[in-house]
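Remarks on the structure that follows.
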Amino acid sequence: MDTTILATFTPELIVLGAALLVFLLDVLGVRKLETFGAVAVSATAIALLAVVADLGFAPLAVLRTIPASSIDLPLGPSLYVVTSLGLVFQAIFLTSALLVSLASLSRPSDEKGSAVFFGLLLMATVGMLFAAVASDLIFLLLAVEITGISTYLLVGYTRKDARSLEAAMKFYIVGALSSSLSFFGASLLFGAYGGTSFSVLARGTSVIGYPALALAGYALLLAGLGFKLTLVPFHAWAVDVYDGAPDDVSAFLAGGSKKIGVFAFFLLFTGPVLLAPALGVWCPAGHCSTVTLRPTLELALGVLAVLTMTIGNLLALQQKEVKRLLAYSSISQAGYMLIGVAVGTAPALAGATLQVFAHVFMKAGAFLVVAAVLGLGVGPRVEDWKGLARQRPYLMLAFALMLLSLAGIPLTIGFVSKFVLFSAAVQAEGWFVWLAVAGLLNSALSVFYYARFLKTIYLDSPPPDAPAPPRLFAPIGYGRSAAIAIAVVAIVAFGIDPQPVLSGMQAAATHFVAIGA
Amino acid sequence: MAVSFGIVGLLGTRLKKLEYGGWIAVGFAAAAMIVGLLVAAAEMLSPGSYTDQSFTWLHLPGSPGTFPNGFSLVMGSLVDPISALMLLVVTVVGFLVMLYSIGYMHHDHGLPRYYAELSLFLAAMTGLVIADNLLEFFLFWELVGVCSYFLIGFYYEKPSAASAAKEAFLVTRIGDVLFLLGIFLYFTVYATAGGGAGWAASGFKFVSGSTPFLAGAMGGNTPLLTVAGLMMLAGAAGKSAQFPLHAWLPDAMEGPTTVSALIHAATMVAAGVYLLVIASLFLGFTPDDRLAIVAVGGFTTFFAATMAVVHPDIKRVIAYSTISQLGYMVLGVGAGFAMVGMYHLFTHAFFKALLFLAAGSVIHAVGTQDLFKMGGLRKPMRVTAIAFAVGALSLSGIPPFAGFFSKDDVLSSVYTAAQSNPAYWPFLILAYATVFLTAYYIFRAWFLAFSGDKSRDPTLPAAHEGPWTMQVPLYVLSALAIVAGVLPFTPSFGSLFSLGGATSVPPTYGTTDLVLSSVSVGLGLGGILLARALWGNGRVYVLAPDSALQPMRTILLERYYIKAGYDWVGLRIVYGGSRVADFFERYVIDGTIHGFERLGTKLSNGLREGQTGLVSDYASYVVAGVIGLLILLLFVAPLIIASLGGP
Amino acid sequence: MTLPLLSVTLATLLIGTVLTFVAKEKARYVALATSVVFLLEVAALLAAYTVWPGPVNGSPGYANLESYSWIHLSWLSINYTVGVDGISLVMILLTAFLQIATVVYSWEETKEPGAFFGLLMLTCLGCFGVFIALDVLLFFLFWEAVLIPMFFLIGFWGGPRRRYAALKFFVYTHVASIVMLVGLLALVFYSGAKSFDFSAIYVAAHGLSPTVQTFLFLALFFGFGVKFPIVPFHTWLPDAHVEAPTAGSVLLAGLLLKLGAYGLIRWAVEILPIGMSHLTPLLYVVAFASIVWGSVIALAQRDLKRLIAYSSINHMGIVLLAIAVYSQLGLLAAVLLMFAHGVVSALLFMASGSVHHTFGTRDISKLGGITPVAPILATMLMVGSLASLGLPALISFPAEFTALLATWDRLAYWVLIPLVLLVVTAAFYLWMMQRVLFGPQRNIPEKAHDIPWFETAAMGILVALVIVYGILPGFLVNVIVNSPVYGFPGFP
Amino acid sequence: MTDLSVASFLFLSGALLAIGLFGILTRRNFILLLIAVEIAMNAAILNFVYFAAFAGTSQGLSGQAIAVVLVGLAATEIAVGLAIVLALNRQRGSINVGEATTLKL
């Protein structure tokens, strides 16, 4: 039994071990950033291979640690369950961690606190990996907490920069608040159902005859986890944090850790509860009606999705600073993902998953490029980037591709993911069609600021009197170049032919939807 | 054959840049004339025969209403008696005018353009004449229209010329679109007729297989047929400057006199009448149509003549007389004797061209068109004076000049028709009154220009005859203006006055009814005498300022304010309306867009105000969100879902 | 067809576009070469089409059909499916001609030539793609690929108010294309066709209830209509035209407006005839509104480009009318008119562009008597205007004639509306010519001279087309009526 | 037991949560914020304990166990919070969050 547990948690253990190794090395007095980086990169890479193998990717069959027979089993009392969709998310999480640590290799090798950085990065990843196999609400929340706490520290790890400390502070306070909210919500559910296992939630037989209790619990969980997913109105922290945090950390937050929220939403609001029976009669304002969880939640999710998309884009419309612009855009992107959760059908989940997958490359990639450019001494404001395409054509080409993908321009993965997502919404019929319309209108809106940004980079010319940044033509380092290159290749390749990933996600989603049964 | 003429014209246009391009154009015109003569001769040798060659231009798919199985449009050439006759007129006058131009235009610049456009016109006109179906007819119809547009605007630096050209195009355009509708109606009529399907398939040709025209196939008095006829009339009215679409022709005199002679007297304006003539056969006008045609023709005849009475400009006088004479032709067709209209068209082409060319050589000599400056030109320009006189006599219908016979036929044909339909009487009277006016105004012009011993305006240059190229056409046309009237009496030539193989309709009514003839001749002579009394021997009859006729005179000079009315409608109503619409477009429809744009920017900045940077605020957003969610989930959502009829 | 001609052509354009972008100063040569090759390939396509046996009756089979699976899921299958029929071929021919003409016309573009010509190429590429795509996603992909470059063309090579114009153009057309996309998706999923393939949708759509068909058609009509543009969603057009660089206006009027009409025919009319039949009155109203509004407002314009823009609205209104009457004749007329208007409006916009940079203004009330100074330019403008007002023997006449005939056949005396408006159209063109070409010379700049060779060449090509297809439209007609839609059951 | 008592207990924990939230919204002193967060957290813990006693557990974790875990978690959070406080204090010599508003808009 133990061995199977260990086998099940191979990727988690690898990454955890790597984290501990990093801290150990630090204690042993190793100071070279490359060392820690190498550990992180290799660990995440190996774990990634393992996960992909578990997904049934034939060439890696030898690395397989979980037999197919024990994947996508119906929910039981245990704390964890391995679903193929969970594995897909694990792969996504690991990819983002891999990209970031790869890029971080290019930071000055004598940088202080690099061990802390990589260690915390790996710890956060561990949390995310655990969340992906959670089968119990508390287990899930604890995993989320692991990630949360690590990322609080990650944001402020330099302990010098005032901006990043301020960011860490805000992140921490809002984060702590949200976690207490989620736990309170969990406690209410515990009361309502007499348990926190998803199987219990799925069965939906309430111990205490208050549908209100369950509804309130879910409401609080929506809020608490919505913080992770930067849903409006729980988004305000994100902009400041992405702005203030060290650039590579922003990349990880936007591209990686935020996605944990998406899967948490999948677990809480789609799979298990999809088939949950009616909660019972609930009489708000003297008007009684039988409350069924899923439709009620759909409404709330839909509202949140539209709010998030629209306000996120509107906020970005007039934004003048690069990192904040990207932050706002990632808020709106979260809204798109939420459409998938609201619709809740297998195609929708597949679409949302693809969107998450795409977002890793688009957003993390974009932040990595920003980190590189800021490293060149270019200013943080959009107008500082005028005509940058002339000096750094390739870097800017990569950036342009990422922006186009974020804007959902055809032949990029961003387009495919949005397209699948919205098609799924339309295919689900009913009022979800309007979610698709809202999403499309928003993507139209978003194109404005992306286009304006591109125009600044490509067609404007820098003010003649402004002095050229000192290290304008300095190399950006192999690790970072590699990471960016991977992102670009992924964006274009999957943009042209998403079939390989998409079919896998489709299958996984189909199983996941049936998990509640 | 249409092709060959097309080539003629196009070659003419090709030769713009060459030196002596004029002579080349003349050469081609001569060739055209020879062909024309040959065709006519051939036609006379085998009376009533017709030859038709055509190819399918377009084969169109079906349309459920009228053409379920689709139909064809063809291009071809049809040579039958009447088209041969028309061909004759066009080519002969065309050649003479070309020749005349050599002398008349020699000191103008832009000659290549002139000859090119004139050749193109000749080509198009011949094409129109020998078109073997209505669509082709319409095609060339429009082409001659645009040629006239170019030639009226030949002196395009003159604003008046440019505007006259525009006006001509526009007014005829009104007729044309109605004509187009007429064509649709005609298609419908035929496609639904007995055996119409085959007809449609063969492209609605005037000639189908062995049957010449579908004469009377459409007989009867269906409303559709009536409307079709009226539309044809509208088209003809536009081209032939009949009331109320007449206003453009006088202004068209802005073009060179040669152009006026060829296009706006002899050929193009006659195309309208030609259309009515053939339409009277392939469509068969209903009684209502005929009455409408007669009304238009009769009224125009008189109406135009009155305006000619007072006008000081020699060319405009002739222009008004053209409108009036076209009225006679329309009258003849309307009366039910198409060939009579054709007959008058035939003679009129010659004597009106003659008049214009004579007037042209006067203008060429003295450099003005104002009759009241001329005078005493009889001595220096004997040839011209005689030529003009011949033309004038022919116009006034004095025997034995050509005009007498044809006009007399028109009158008597209307008289004949009036016997059966009293509604024709008023127009018959108008027609007779016009005979008197015609004689008066044309001889007023003659006396003003030629009588007396010196010109009234001493500043005018010493007059002289033009070169031989200008005189020859005068001789020829004078001769024709005399003999053209009697030519049709010869059986072979008369056979040209027949349509669709119907037996020749010898235009000989007038000769049988001496009373009518003598009345008209008497009126004509009366007019001449009055003109002589008032204007003879260089006299100028000045109307007393306080005379009761004064206001009438101004009305006539102002052309009954019809042109002014058109301009007013065009400017105030149409243009004004469009300005209003434009305003609406810019400020109402567009304004909303601006509104949205500003709204977006405002929203964006307003929302960003919320990013205060103070963490407590962020926390408060979270709390607010929680409360909102609780309300939503606990109260709003259940109610909504319940109202939607439960989960 | 063993050779995948369409894909080859697409590849040519793609490569050409990329090369043009990187070619910087030499861009124009690359662009020209690409366009020429493209034209040759189109000629080959036409040749292949003339020997094409034709579709099996009632089945939407298309020539040069190619289909490869692209994205395949349990609930949707997206293919790379391309094919042509007569309608798309005629449009493709137009694209090829306009591409060459545009490239030649802007031969001496100096501002960022690489990007400029690249964007021109990209626009044409997109249009070509739209015309060959037989798969919803592919279609939408190319549709967007047209939108973006045009946005940049207007926004960065345009006139003083270009930012606003570009924005407006973008908002209108993008919002419209979103509605269109939703409509198409709904069409796919509601009809139960799990495939985005045209023929699959065509077959499945028969199962839709009339109500659903009507709503879907309405969405599609709006989506495509804005591109037409239909009143009252037309105000983006004049601004876009006025501000766009000449080449931009040419492609805008010549091709982009046709995309709307083509899309409507291919994705709405052919698939949802029932839905259309329920909306015919609406279509008629909109069409008549566009016809009237277009030419009435044109009468009030002083800017040459605005005038032509509004006359475009009028002409596209006639196209819509011809589509709305829904008869074989009407469809033929619509396509013919699309082709004709494409060529003529391109010619007119080129001419007005030349007027602008030769005489420094496009304000009709300021211009006057340019004929002696620039006879060639004057001739071009005159031919364009005469063609546009429907003079026989010029390209528009056969189209308008058939369109009006089809209208007469369906709507009887309602045809008087377009007929009367023909007079108005003639009025403003004649007025414009009188003011601009004729009359005394007014503020002619000192160094004003006739247009350079490349502009002459570009317009010469179009003038040749105007005359050739005016005299011999038979070729186009035969190509069009050989389209599968003419074999569809129940197509009157 | 009756639902009434459920309501009363819920009222208690709810009040606790409210107090915590109120503190988070109104305090500017980081330390006080930490305390407020703790109070909010304890509301949840209290719930678990109470519900465990009331409803028992059908399967999975027991309420008491969860409560214990959460206490530990809360402690960790506080530790992290204090770390940030220290850094912040060293950095700008104040722990007033009202002064740390350089990142905005």
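Chains as they are written, first to last, in my numbering: chain A, 576 to 1092; chain B, -1 to 645; chain C, 55 to 546; chain D, 6 to 110. C-beta: ideal position from N, C-alpha, C; glycine also.
Interface residue (Cβ-Cβ distance to chain C less than 7 Å): B:Ser576 is classified as such. Close to A:Leu963, with beta-carbon spacing below 7 Å, lies no residue of chain C; the smallest spacing is near 16 Å. Contact between B:Tyr318 and B:Ala302 holds: CB atoms are separated by about 5 Å, below the 8 Å threshold. When the beta-carbon positions are compared, C:Trp211 and C:Pro299 come within less than 7 Å of each other.
Rounded to the nearest whole angstrom, the C-alpha separation of A:Gly631 and A:Ala643 is 7 Å.
Counting along the chain, A:Asp647 sits inside no beta strand (DSSP E), nor does DSSP assign it H or E at all. Beta-bridge pairing by DSSP links B:Met73 to B:Phe53. At a cut-off of 7 Å between beta carbons, D:Leu91 makes no contact with chain B. The beta carbons of A:Met884 and A:Gly910 sit about 3 Å from each other, so the pair counts as a contact at 8 Å. A Cβ-Cβ distance of about 12 Å is found for the pair A:Val948 and A:Leu901, leaving them out of contact under the 8 Å criterion. Within the stretch 844 to 890 of chain A, complete beta strand (DSSP E) segments of at least 3 residues are found at 853 to 857 and 864 to 867, given in chain order. Taking a C-beta cut-off of 7 Å against chain B, the contacting residues of the stretch 405 to 437 of chain C are Gly423 and Thr425, listed in chain order. With respect to chain A, the C-beta atom of D:Phe56 has a partner C-beta closer than 7 Å.
About 7 Å separates the beta carbon of C:Val397 from that of C:Leu148, a gap short enough to meet the 8 Å contact definition. Inside the stretch 445 to 519 of chain C, DSSP marks no whole beta strand (DSSP E) run of 3 or more residues.
For D:Ala20, no Cβ of chain A is located within less than 7 Å of the residue's own Cβ.
Around the Cβ of B:Thr299, a 10 Å sphere holds 16 or more other Cβ atoms; the residue is buried.
Residue range Ala117 to His126 is occupied by the beta strand (DSSP E) that includes C:Trp124.
Between B:Gly389 and B:Leu435, the CB-CB gap reaches or exceeds 7 Å. Contact between C:His332 and C:Thr268 holds, since their C-beta atoms are separated by about 4 Å, short of 8 Å.
Shown here, B:Leu58 sits in a strand according to DSSP, grouped into three states. Bridge pairing for C:Ile132: C:Ile125 [DSSP]. Counting only residues of its own chain and dropping the five nearest sequence neighbours on each side, A:Asp711 has a CB closer than 7 Å to the CB of Leu654, Thr771, Ser772 and Phe773. Excluding sequence positions up to five before and after A:Leu986, its CB lies within less than 7 Å of the CB of Gly1070 and Ile1071, all in the same chain and listed in chain order. When C-beta distances to chain D are compared with 7 Å, the residues of the stretch 589 to 619 of chain B below that value are Arg606, Gln609, Thr610, Gly611, Leu612, Val613, Ser614, Ala617 and Ser618, in chain order. The three-state secondary structure of B:Phe349, taken from DSSP, is helix. Setting aside the 5 residues that flank it on each side, D:Ser67 is surrounded in the same chain by Ala57, each with a C-beta closer than 7 Å to its C-beta; the list follows chain order.
If you check the CB distance, C:Gly422 and C:Gly493 come in under 7 Å. Ranked by Cα distance from B:Ser322, the first of B:Val37, B:Gly365, B:Ala263 and B:Val364 is B:Ala263.
Residue burial is scored here from C-beta neighbours: B:Leu478 has at least 16 other C-beta atoms within 10 angstroms and is therefore classed as buried. B:Ala356 places its beta carbon less than 7 Å from that of B:Phe386.
The continuous stretches of alpha helix (DSSP H) do not include B:Pro397, and DSSP gives it neither H nor E. Per DSSP, reduced to three states, the secondary structure at C:Ala301 is helical. Contact with chain D is absent for A:Leu879, since none of that chain's Cβ atoms lies less than 7 Å from the residue's Cβ. The C-alpha of A:Thr726 lies about 18 Å from the C-alpha of A:Ser905.
The C-beta distance from A:Arg1055 to A:Leu943 rounds to 6 Å, short enough to meet the 8 Å contact threshold.
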